[in-house]
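Peer 1: Residue numbers (the working numbering): 5 to 215. We put the beta carbon where it would ideally sit given N, CA and C, even for glycine. Have a look at this one.
This is the structure:
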């Protein structure tokens, strides 16, 4: 019996190694939801590959250089896939030069949580060789966010709309100062200024027609 103990330990160790290797392989096979190619790095004319993936930790963006080597991964952007509108196209991932500097930004959306969705716009940072989120700003409230946020979900992506000039319209609830008044849906308009989506105005949606 004692002679078999070393052999048994070797077998157990071998099985544990196989389990760990299988887990590592599985973790690397995160489903690619969408991928696009384009010039997103300053000074680099060759296109990079951008992937939107989902794993057990959420939605992420991965960026690969022209040689196919991954060099940047975002933090978790949300828990589920989500669509947005770029003009009249329903997308989950896109590249667009919104600030007109000759280099595309990465546009990607994700479902964040209960009733909330986010549209992230990432711009290349040559110092870090990574990408920074272009913030949305509410000057009156002195509030900055890492993305444009809608709390009125539409599967069509119509709650998060971006135009080629960098303007954006987001569908969201408007909350009155009087807590007793119920919130109503409205449109939040933004303009892109110096790399920031700055809130311009909020308009209530007209009530639905009576039958």
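With distances taken between CB atoms, is the gap from residue 164 to residue 147 smaller than 9 Å?
Peer 2: Locating residue 164 in the chain shown gives position 160, where the first residue counts as 1. Locating residue 147 in the chain shown gives position 143, where the first residue counts as 1. Cβ distance not < 9 Å, so residue 164 and residue 147 don't count as in contact.
Peer 1: On the DSSP letters alone, give me the boundaries of the beta strand (DSSP E) that residue 129 sits inside.
Peer 2: The sequence position of residue 129 within the chain shown is 125, counting from 1. Its beta strand (DSSP E) spans residues 120-129.
Peer 1: Quick one: what's residue 59 bridged to in DSSP?
Peer 2: Indexing the chain shown from 1 puts residue 59 at position 55. Beta-bridge pairing links residue 59 to 62.
Peer 1: Name the residue from 111, 116, 168 and 131 whose alpha carbon lies nearest to the alpha carbon of residue 125.
Peer 2: On the chain shown, position 121 is the one that residue 125 refers to. Out of 111, 116, 168 and 131, 111 has the C-alpha closest to the C-alpha of residue 125.
Peer 1: How far does the beta strand (DSSP E) with residue 136 in it reach, from first residue to last?
Peer 2: Residue mapping note: residue 136 aligns to position 132 of the chain shown, counting from 1. From DSSP, the beta strand (DSSP E) with residue 136 extends over 134-137.
Peer 1: Below 8 Å on the Cβ atoms is my guess for residue 72 versus residue 85; work out the distance and round it to an integer in Å.
Peer 2: Here residue 72 corresponds to residue number 68 of the chain shown, with the count starting at 1. Here residue 85 corresponds to residue number 81 of the chain shown, with the count starting at 1. Contact doesn't hold; Cβ gap of about 24 Å is too wide.
Peer 1: Taking a contact to mean a Cβ-Cβ separation below 9 Å, would you say residue 107 touches residue 139 in this structure?
Peer 2: Position 103 of the chain shown, counted from the start, is the residue given in the question as residue 107. Position 135 of the chain shown, counted from the start, is the residue given in the question as residue 139. Taking 9 Å as the Cβ cut-off, residue 107 and residue 139 do not qualify as a contacting pair.
Peer 1: Just to check my reading of the structure: residue 130 and residue 206 have Cβ atoms closer than 8 Å, yes? What is that Cβ distance to the nearest angstrom?
Peer 2: Position 126 of the chain shown holds residue 130. Position 202 of the chain shown holds residue 206. Contact flag wrong, Cβ pair sits at about 36 Å.
Peer 1: Determine whether the beta carbon atoms of residue 78 and residue 65 lie at a separation below 9 Å.
Peer 2: Along the chain shown, one-based indexing puts residue 78 at 74. Along the chain shown, one-based indexing puts residue 65 at 61. In contact: residue 78 and residue 65 (Cβ atoms closer than 9 Å).
Peer 1: Indicate the three-state DSSP secondary structure (helix, strand or coil) for residue 175 in the structure shown.
Peer 2: Here the question's residue 175 lines up with position 171 in the chain shown. Looking at residue 175 - three-state DSSP - the assignment turns out to be strand.
Peer 1: With DSSP as the reference, please indicate the residues paired to residue 152 in a beta bridge.
Peer 2: Walking along the chain shown from the start, residue 152 turns up at place 148. Beta-bridge pairing links residue 152 to 123.
Peer 1: Terminal residues of the continuous beta strand (DSSP E) containing residue 206?
Peer 2: On the chain shown, position 202 is the one that residue 206 refers to. It spans 200-208 - the beta strand (DSSP E) in which residue 206 sits, taken as one unbroken run.
Peer 1: Do the CB positions of residue 99 and residue 166 come within less than 9 Å of each other?
Peer 2: Working through the chain shown from its first residue, we reach residue 99 at position 95. Working through the chain shown from its first residue, we reach residue 166 at position 162. Not in contact: residue 99 and residue 166 (Cβ atoms no closer than 9 Å).
Peer 1: Please name the residue, chosen from 169, 151 and 88, that lies closest to residue 105 on a Cα-to-Cα basis.
Peer 2: The sequence position of residue 105 within the chain shown is 101, counting from 1. That would be 169, whose Cα lies nearest to the Cα of residue 105.
Peer 1: Is the CB-CB distance between residue 102 and residue 123 below 9 Å?
Peer 2: Working through the chain shown from its first residue, we reach residue 102 at position 98. Working through the chain shown from its first residue, we reach residue 123 at position 119. Cβ distance not < 9 Å, so residue 102 and residue 123 don't count as in contact.
Peer 1: Is residue 67 buried or exposed, if buried means 16 or more other CB atoms sit within 10 Å of its CB?
Peer 2: By one-based count along the chain shown, residue 67 stands at place 63. Classification of residue 67: buried, given that the 10 Å Cβ count is 16 or more.
Peer 1: What's the gap between the Cα of residue 87 and the Cα of residue 184?
Peer 2: Walking along the chain shown from the start, residue 87 turns up at place 83. Walking along the chain shown from the start, residue 184 turns up at place 180. Each residue's Cα considered, the two are about 33 Å apart.
Peer 1: Leaving out five residues before and five after residue 141 in sequence, what residues of the same chain have Cβ atoms less than 6 Å from its Cβ?
Peer 2: As a first step, residue 141 must be located in the chain shown, where it is residue number 137. These residues qualify, in order along the chain: 148, 200 and 202.
Peer 1: Can you check which of these residues, 208, 89, 179 and 171, is closest to residue 198 by C-alpha distance?
Peer 2: The residue you call residue 198 lines up with position 194 of the chain shown. For residue 198, the nearest C-alpha among the options comes from 171.
Peer 1: Once DSSP output is grouped into helix, strand and coil, what is the label at residue 77?
Peer 2: As a position in the chain shown, residue 77 is number 73, starting the count at 1. Three-state result, residue 77: strand.
Peer 1: In terms of alpha-carbon separation, which member of 192, 43, 75 and 51 lies closest to residue 132?
Peer 2: By 1-based counting over the chain shown, the position of residue 132 is 128. Here the closest residue by C-alpha is 75.
Peer 1: Using the three-state DSSP reduction, which class does residue 102 fall into: helix, strand or coil?
Peer 2: Here the question's residue 102 lines up with position 98 in the chain shown. If DSSP states are grouped into helix, strand and coil, residue 102 belongs with coil.
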